[in-house]
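Novice:
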Amino acid sequence: MVPTSYFLVLSAVLFAIGALGVLVRRNVLIIFMSVEMMLNAVNLTFAALAHHFLQLHGQVFVLMVMVVAAAEVAIGLAIVMSVVRHKDTTNIEDMNLLKG
Amino acid sequence: MLLFIVFALIAIVAAVGVIISRRPIYSALFLLLNFASLAALYIMLQAQFLAAVQVIVYAGAIVVLFLFVVMLLGGGELNGILDPNQKPGQRFGWPKIAALVLALMMVAALGYGLVSGQLFTGQGDATAFGQGGVQAIGSVLYTDYLLPFELASVLLLVGMIGAVVLARKPE
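So the sequence lines, in the order shown, correspond to chains V and B.
First residue of the first sequence? That's 1 in the working numbering, and the numbers climb one at a time after it.
First residue of the second sequence? That's 1001 in the working numbering, and the numbers climb one at a time after it.
1) Can you tell me whether DSSP reads N91/V as helix, strand or coil?
2) What does Y1042/B touch in chain V if you count any residue whose Cβ is under 7 Å from its own?
3) Using DSSP with H/G/I as helix, E/B as strand and the rest coil, what is N96/V?
4) Using a Cβ-Cβ distance under 7 Å, would V28/V count as near chain B?
5) Taking three-plus beta-carbon pairs below 8 Å as touching, is the region 1003-1022 of chain B in contact with the region 1035-1046 of chain B?
6) Residues of chain V with CB closer than 8 Å to the CB of A1047/B, please, in chain order.
7) How would you write the range of the alpha helix (DSSP H) that A977/B sits in, first residue to last?
8) What whole-angstrom Cβ distance do A1028/B and L1067/B have, given they're in contact under 8 Å?
9) In terms of DSSP beta bridges, what is N27/V paired with?
10) Look at the alpha carbon of L20/V and the alpha carbon of L1104/B, and state the distance between them as a whole number of angstroms.
11) Using a cut-off of 7 Å between C-beta atoms, extract the partners of L44/V located in chain B.
12) How far does the alpha helix (DSSP H) with V1013/B in it extend, from its first residue to its last?
13) With a threshold of 8 Å, are at least 3 pairs of Cβ atoms found where one atom belongs to the region 1057-1064 of chain B and the other to the region 67-74 of chain V?
14) Counting only beta-carbon separations shorter than 7 Å, does Y1142/B have a partner in chain V?
15) Report yes if the CB atom of R26/V is closer than 7 Å to the CB atom of N91/V, and no otherwise.
16) Answer yes or no: does any C-beta atom of chain V fall closer than 7 Å to that of L946/B?
17) Quick one: which residues of the region 11-24 of chain V get their C-beta closer than 8 Å to a C-beta of chain B? List them in chain order.
18) Alpha carbon to alpha carbon, how far is N43/V from E36/V?
19) Can you tell which of S1021/B, A1136/B, G1162/B, A1036/B has its C-alpha closest to the C-alpha of A74/V?
20) CB-CB under 6 Å to F46/V, same chain, minus the five flanking residues each way: which ones, in chain order?
21) For the region 1014-1025 of chain B, enumerate the residues whose C-beta is nearer than 7 Å to any C-beta of chain V, in chain order.
22) Would you mind telling me which residues of chain B sit closer than 8 Å to I75/V, beta carbon to beta carbon, in chain order?
Structure, rendered in structure tokens:
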């Protein structure tokens, strides 16, 4: 029987790695992948606490997060494709059209 | 316990691989490994339905979408974490300092939580929790969470239409 805190520590580590990727990398696809990893880490927290408290509500929340993540990836990658078609780069430093 | 350590190590190594790979295609494949090991951890948490959904939605749909876009945009070699083209002043600019502070805060919070705190014990109904099967989660989803479920379907519809509109070639 694995203690719940181990799962929480694992998900915190995964979340920190994802946040590190968002802050450090400059390629927009890698940043997207890091955001997905962060969402997954939160999902692991929900599932671990659902198991700990023997409540199913956490698992339902995981499903909702998955729905939002799927919609987000579809929209985000479409935006990336249209930006690349326009500016021919995936570097986020060059995507400064809205900069004042 | 051994299985947990193995899959946790795989997940962490894959997560590190995602952010240090120089080619985006390797990052996408490391992401696949990360999602698969998380599915194994879900099975350990008696969430078999979630594990199946994780494999289908994340490892199936989302990673394939990432690979599709990477192939479409050309998966050339990128600058890694240390970008040689940046000026030395920029190389340790605010994003890396912020990342370092965030990581240190996370480690400090983890250490405090592990040393001092214990979660209070569960008070749920073990029979209602079941084995994480489709029946248990479906009965909750279609009674208590009916409205969020319907809203999620609307969100998926909006996402689908938005993706089609955004990715279409301009006239």
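Where a beta carbon is used, it is the ideal one built from N, C-alpha and C, also for glycine.
Specialist: Taking the coordinates as given:
1) strand
2) A47
3) coil
4) no
5) yes
6) A47, A50, H51, Q59, V62
7) With chain B running from 1001 to 1171 in the structure shown, residue 977/B is simply not present.
8) 5 Å
9) N91/V
10) 11 Å
11) L1038, L1041
12) 1002-1020
13) yes
14) no
15) yes
16) The displayed coordinates of chain B run from 1001 to 1171. Any statement about residue 946/B would go beyond what the structure contains.
17) A12, V13, L14, F15, A16, I17, G18, A19, L20, G21, L23, V24
18) 11 Å
19) G1162/B
20) G58, F61, V62
21) A1015, V1016, V1018, I1019, P1024
22) G1159, G1162, A1163, L1166
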